[in-house]
Amino acid sequence: MEVTETKAKKKFAFPHSYTLIFCLIIAAAILTWVIPSGQFETVVENINGAEKTTVVPGTYHQIAKAGYGQGIGAILEAPAAGIISAVEVVAFVLVVGGAFGVILKTGAVDRALFSLATSLGDKGILVIPLSMILFSLGGSTFGMSEEAIPLFAVFISLMFSLGYDSMTAILILFLGTQVGYVGSTINPFNVLIAQGVAGVHGNPLLGYRVICWVILTAISIIFTMNYARKVKANPESSIVYASDQLVKSKFQNFEQDKPFSNGDKLIVAGFIGGLGVMIWGIIAQGWYMVEISALFVALALFAGVVAKFGQKKIAEAFVEGCADFAYAAVIIGLARGVLVILENGMIIDTILNSLATLLGGLPKALFSTILLGAQVLVTFFVPSSSGAAALTMPVMAPLGDLLGLNRDVIVLSNQFGNGLMNIISPTGGVLLAGLAIAEINFSKWFKVGLKAFGILAVASAILLYIATLF
């Protein structure tokens, strides 16, 4: 009787993030045996100054399954293959993590945030809308995504100082940049590439895109502020209350009674200046991960020297920072392993061709809603916005012609679907990195993120349908 009662009390435990991704790798491998292998013919074109491989519509053909089914060997190789495939991102996270280890070790950033939180008092909640507008604008214009990873640690510390939780920090940074992707205006990785592949000249829906961005960003801000207010009113109601108690010391490991010194101010000024240089480099110079990594290494050395750290202390702090970010770096590579399996199994094109065939004969009103769902589904298999655009636009854009739709509506569906799915996708590298830094289980995020996803999905479906009426 006691054994039975004990079993009944056991609750379902959501699997560890590594376990979840490995299960997805296994599921992807099984699909390579069930779904026929096939491919479209492709051509290499110059789109907006960059060479991209695009699909030739109407050229899909099945190929023999022999050799493409992914077996046990491929499953076991997928984690390493994924890390190798994502090596640029993995290296970026580790180097930036090490640099942050040095910067945070000085305590200057923590003391600055604590001073800011003290001075703001009850007005601290204004940090949420101001920050989310900024991050959403970054996602909408230049595709800010991985660039936000170094800021997770800073915002988690800031939210703790303001009386909120780590989930609030995830919402501000990740949901902020991601909703910018959903409401992209001139994002080169989302809108411009998709328009180029679809044969759309100019940006015919730019004005409408701006309206969509405003609406979707406002929804996300309201969602985040409502969540934050509930946590502030009752901290124990936080979905991450227990885990936050364990990690607070990591993000607030400074002496609160120690004054915010001139040296601290110099380090913070250098850090803020570095972020300004990063934004300039990304927009004006085309910087990406290698250049941004170099900038953070320079900031770490600057902070270490100003704090009068010796070479040994700087090196040790760098190693500790790498260790803190190692979980995030590895999980990004593991998530890429799912895509490696699907690509090696040659089933992605088959899935896309099936979706195109399904959507071809639907009436306009139903088409727009199901098209959004189809783009969400495609993003699960192809998380990259530019990758999804290069794969789907050659197939989906002609469907718009058949239904008398502006092809830019099809592009709009791609940016909506891609951004929405990545809010809750268990293979999204930036999300998993943020959760790993905060030591939040994916199941916790899913409970919160699914609500945001549902609200934004309904709003996006309505906005997409309105676009079909133009």
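First residue of the sequence shown: 0, per numbering that gives the first Met the number 0; consecutive thereafter.
C-beta: ideal position from N, C-alpha, C; glycine also.
Quick caveat, the model's predicted, so the values are computed rather than measured.
Between M224 and T176, the C-beta spacing is not below 8 Å. Taking all protein chains in view, the Cβ of D121 is surrounded by fewer than 16 other Cβ atoms within 10 Å, so the residue is classified as exposed. DSSP lists Q38 as the beta-bridge partner residues of H60. The way I'd put it, the stretch 295-310 does touch the stretch 96-116; three or more beta-carbon pairs between them come closer than 8 Å. Note that the C-beta distance between G182 and C211 is below 8 Å. By the 16-neighbour rule on beta-carbons within 10 angstroms, E145 is buried. Between T378 and S424, the CB-CB gap stays under 8 Å. In the structure shown, V318 falls within a helical segment according to DSSP collapsed to helix, strand and coil. Cβ-Cβ distances below 6 Å link T368 to A460 in the same chain, with the five nearest sequence neighbours on each side left out; the list follows chain order. Annotation for I83: the continuous alpha helix (DSSP H) segment containing it runs 71-84.
In its chain, beyond the 5 residues on either side, I369 have a beta carbon closer than 7 Å to the beta carbon of L361. DSSP, read as helix, strand or coil, puts E438 in coil. Counted as a single uninterrupted DSSP element, the alpha helix (DSSP H) harbouring W212 occupies residues 205-232. Counting C-beta pairs closer than 8 Å gives fewer than three between the stretch 80-100 and the stretch 243-252, which falls short of the contact rule. Taken atom to atom, the span from the alpha-carbon of T349 to that of F39 is near 9 Å. Between I422 and L174, the CB-CB gap stays under 8 Å. In the three-state DSSP reduction, K307 falls in the coil class, being neither helix nor strand. For L333 against P78, the beta-carbon gap comes to about 5 Å, under 8 Å, which counts as contact.
Secondary structure at M143: coil, using DSSP grouped into helix, strand and coil. Taking C-alpha positions only, L19 is separated from A322 by approximately 22 Å.
Between the stretch 265-277 and the stretch 61-78, the count of C-beta pairs closer than 8 Å stays below three; the two stretches do not touch. Fewer than three pairs of CB atoms, one per stretch, sit closer than 8 Å, so the stretch 191-198 makes no contact with the stretch 128-136.
Short of 7 Å from the beta carbon of A152, and not among the five residues preceding or following it, lie these beta carbons of its own chain, in chain order: F99, L103, F250, I436. With at least 16 other beta carbons inside 10 angstroms of its own, A396 counts as buried. Each residue's CA atom was taken as its position, placing I124 and F324 some 28 Å apart. For G175, the enclosing alpha helix (DSSP H) stretches over residues 175-181. Contact check for N343 and Q69: beta-carbon distance about 6 Å, within the 8 Å limit, so the pair qualifies. Residues of the same chain with a CB within less than 7 Å of the CB of V429, apart from the 5 flanking positions on each side, are S144, E145, A147, I148, F173 in chain order. Under the three-state reduction of DSSP, L150 is assigned to helix. In the structure shown, V199 falls within a coil segment according to DSSP collapsed to helix, strand and coil. Straight through space, the alpha carbons of I409 and F91 are spaced by roughly 33 Å.
With at least 16 other beta carbons inside 10 angstroms of its own, L341 counts as buried. Secondary structure remark: continuous alpha helix (DSSP H) runs of at least 4 residues inside the stretch 93-130, in chain order: 107-119.
DSSP places G275 within a helical segment (H, G or I) once states are collapsed to three. Between N186 and S139, the CB-CB gap stays under 8 Å.
The continuous alpha helix (DSSP H) containing Q244 extends over residues 240-250.
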